[in-house]
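See structure below.
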Amino acid sequence: MGLDANAADSCRVLAYEGGAARTKNVLATMVKNLLTLSIVGLTFFFFGWWVYNAFPLFPLQGGIVGPWTDPAAEGTVGEVLGLVQASYPWSPALGANLADNLTGVFWFAFALFAMTTASILSGAVIERIKVGAYAILAVVLGSFTWVVAASWGWNPYGWFLTQFGYHDFGCSAVLHGVAGFFALGVLINLGPRIGKFDAAGNPRVIMPHNLPLTMVGLMLIFVGFYAFLAACVIFVPGQTMAITIYGTPMTLSSIGVNTTLALAAGIIGSYMGSKADPFYTISGGLAGIISVGAGLDLYSPAIVIVVAFIGAYIMPFVGNAVEKAGIDDAVGAFAVHGFCGMFGALMVGILATGYPQLEGIPSTNFVAQVIGTFVCTIILGFIPGYGVSFMLKKFNMLRISEEEEIAGLDLADFGIEGYPEYSIMAERNGHPSPGVPLVQATTPQS
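In this text, residue positions in the sequence shown follow our numbering: the first is 23, and each later residue adds one.
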């Protein structure tokens, strides 16, 4: 049931980003989200799932595990090799296999997380990016860079955990931090939307065409977070509670309590920090959950409230600072995901240092959180996002033309409008009403 609820995330993001776009770009924005689901879903099947299982030992504990690995390998390498062999696209473990009921479930969960990661980038770059460029960036982010981060920091064999004791239960840095910083790197090369800044460089407000739809989409995303976080626990047969990949105990009731408190405290924090800005206020719920995600399994409810409030309170200031720097982040993706993801992962090192994890694994500590967060946000987030988008820009593959942007992507890509106006003649008793103008059609009628 949790995965079913999480699978509806594409619908939620569709509403959220569709509402955030202007009327001339609403169809293009929604179609881009459909492509995110399709492209990332397929590429994650063909190689993303293998990356997650093949990279945990690389580079500190061993090499990348694959067909070239000695099939007779023993110990940790042998255990990882077994998982890798089950992750190949041709593996029977991903098909109708009654002997293995879990591999496909884990693939499904991670594929949904991959789509969600790419959709974070999707919102930041609306209204000006070429579809082909976005597809390339979505694959790099959704099926590779965040997957490497998960392999290192969200995997029982990952070297973030085994070598340093890194802890990130709800993927604050592993998913959100990677995506937010990746988006920031792309936005620097992509540039702002036409008209976003005046001649003096001062930012103008570009309002969503349907803010209520955006708010509804975000509220539905909140619902999906309960499923997302519930999918982060492992139920052990014969046990009365679940555990995380870090070996810490966790129950669904604890997830429900802490997630609800983080949502509530985050909305209050962003409401106060943004001085009641509607868009930032509703985004604060997401900011609050991400801010506590890394330590959600370690924090008491009181700590959850404080951390969520602080992260969400600061978030609007980060968003405004990004805007003042001349960067046009259409939905505040960096502030919500990048900053709050980084903040959440680091707070574990401050508030939960010394917490025991799996046997033989270092306890939680600040140094581990700094190392893991830096690698996720900078090495696997910002640098790939900036580098790939820079190359696309050099080959004139990144941004649409000025003419297309002014006309709107709905007309440029599809030749239709999201909200077409048809010929209307107001009638009264079968006759045209006097004084009522005729509204002309703006799109060809067949």
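Ideal Cβ placement from N, Cα and C applies to all residues, glycine included. Since the structure is predicted, the reported quantities are computational estimates derived from the model, not experimental observations.
Identity of the residue in the options nearest residue i by Cα
i: Ile158; options: Ile61, Met229, Leu402; result: Ile61
i: Ile216; options: Val161, Val147, Leu240; result: Val147
i: Gly85; options: Gly70, Val102, Leu36; result: Val102
i: Leu380; options: Pro81, Trp90, Ala131, Pro178; result: Pro178
i: Ala429; options: Ala50, Val35, Ser292; result: Ala50
i: Leu235; options: Ala352, Ser275, Phe166, Phe301; result: Phe301
i: Leu320; options: Asn119, Met294, Val340, Ser276; result: Ser276
i: Trp471; options: Lys218, Met237, Pro406; result: This structure cannot speak to residue 471, because the chain is shown only from 23 to 468.
i: His198; options: Asn418, Leu402, Gly409, Glu427; result: Leu402
i: Val353; options: Tyr248, Ala205, Phe257; result: Ala205
i: Ala374; options: Gly363, Ala390, His359, Tyr156; result: Ala390
i: Val358; options: Leu64, Phe339, Asn55; result: Phe339
i: Gly246; options: Gly278, Ser322, Phe80, Ala201; result: Gly278
i: Phe396; options: Met413, Val200, Ile332; result: Val200
i: Phe66; options: Ala115, Gly164, Ala284, Val370; result: Gly164
i: Gly63; options: Gly371, Gln107, Thr139; result: Thr139
i: Phe186; options: Glu426, Ala108, Ile383; result: Ile383
i: Met229; options: Ile422, Leu420, Ala42; result: Ala42
i: Met419; options: Ile151, Ser109, Leu56, Val170; result: Ile151
i: Ala171; options: Ser313, Trp71, Arg421, Tyr408; result: Trp71
i: Ile142; options: Gly202, Asp92, Val153, Ala121; result: Gly202
Buried versus exposed, by CB contacts within 10 Å (16 or more), residue i
i: Thr45; result: exposed
i: Glu149; result: buried
i: Pro114; result: exposed
i: Phe166; result: buried
i: Lys54; result: buried
i: Ala133; result: buried
i: Gly423; result: A quick correction: the sequence has Ser, not Gly, at residue 423. Looking at its Cβ environment, which holds fewer than 16 other Cβ atoms inside 10 Å, Ser423 is exposed.
i: Ile136; result: The question names Ile, but residue 136 is Ala in the sequence shown. Classification for Ala136: buried.
Nonlocal neighbours in the same chain, by C-beta distance under 6 Å from residue i, ignoring five residues either side
i: Val48; result: Gly40, Gly440
i: Gly394; result: Gly175, Phe182, Tyr188
i: Phe68; result: Pro111
i: Leu431; result: Asn47, Ala50
i: Val327; result: First, the residue type needs correcting, since residue 327 is Ile and not Val in the sequence shown. Once the five neighbours on either side are set aside, the close Cβ partners of Ile327 are Leu283, Ala287.
i: Asn387; result: Gly187, Thr375
Chain-order list of residues whose beta-carbon lies under 7 Å from that of residue i (same chain, five-residue window excluded)
i: Ser173; result: Val73, Tyr74, Phe77, Pro78, Gly180
i: Gly315; result: Phe191, Gly192, Cys193, Ser194, Gly366
i: Leu251; result: Gly192, Ile277, Thr281, Leu318
i: Pro378; result: Ser385
i: Gln107; result: Ser113
i: Ala324; result: none
Straight-line gap, residue i to residue j (C-alpha atoms, nearest Å)
i: Cys33; j: Tyr268; result: 31 Å
i: Glu345; j: Gly213; result: 11 Å
i: Glu96; j: Gly317; result: 34 Å
i: Ala37; j: Asp299; result: 20 Å
i: Thr266; j: Asp435; result: 45 Å
i: Phe356; j: Leu274; result: 29 Å
i: Tyr444; j: Gly360; result: Since pLDDT at Tyr444 reaches only 48, below the 50 mark, its modelled position is unreliable, and no value is offered.
i: Val227; j: Phe219; result: 9 Å
i: Cys398; j: Gly363; result: 10 Å
i: Ala330; j: Pro81; result: 34 Å
i: Leu285; j: Met413; result: 39 Å
i: Val35; j: Ser296; result: 23 Å
i: Ala160; j: Leu59; result: 10 Å
i: Ser144; j: Leu240; result: 15 Å
i: Val392; j: Cys254; result: 22 Å
i: Gly223; j: Gly409; result: 25 Å
Reduced DSSP category for residue i - H, G, I as helix; E, B as strand; rest coil
i: Pro93; result: coil
i: Ala330; result: helix
i: Arg421; result: strand
i: Pro225; result: strand
i: Glu39; result: helix
i: Phe257; result: strand
i: Phe244; result: helix
i: Met272; result: strand
i: Phe20; result: Lying outside 23 to 468, the shown extent of the chain, residue 20 is not represented and no answer is given.
i: Phe396; result: helix
i: Ile151; result: strand
i: Ile265; result: strand
i: Phe203; result: helix
i: Phe219; result: strand
i: Glu101; result: helix
i: Leu235; result: helix
i: Ile446; result: Any reading at Ile446 needs caution, since the residue's pLDDT is 42, under 50, leaving its predicted position unreliable; the model's value is listed next. If DSSP states are grouped into helix, strand and coil, Ile446 belongs with the strands.
i: Lys297; result: coil
i: Asn387; result: coil
i: Leu373; result: helix
Beta-carbon proximity list for residue i, same chain, < 8 Å, skipping 5 on both sides
i: Ile289; result: Thr303, Ile304, Gly306, Gly307, Gly310, Ala334
i: Asn451; result: For Asn451, the pLDDT reaches just 44, beneath the cut-off of 50, and the residue's location in the model is therefore unreliable, leaving the point undetermined.
i: Leu518; result: No answer is possible for residue 518: it lies beyond the span of the chain, which begins at 23 and ends at 468.
Closer than 7 Å: residue i CB and nearest the ligand GDP heavy atom
i: Trp168; result: Here there are no bound small molecules, and the ligand GDP is not part of this structure.
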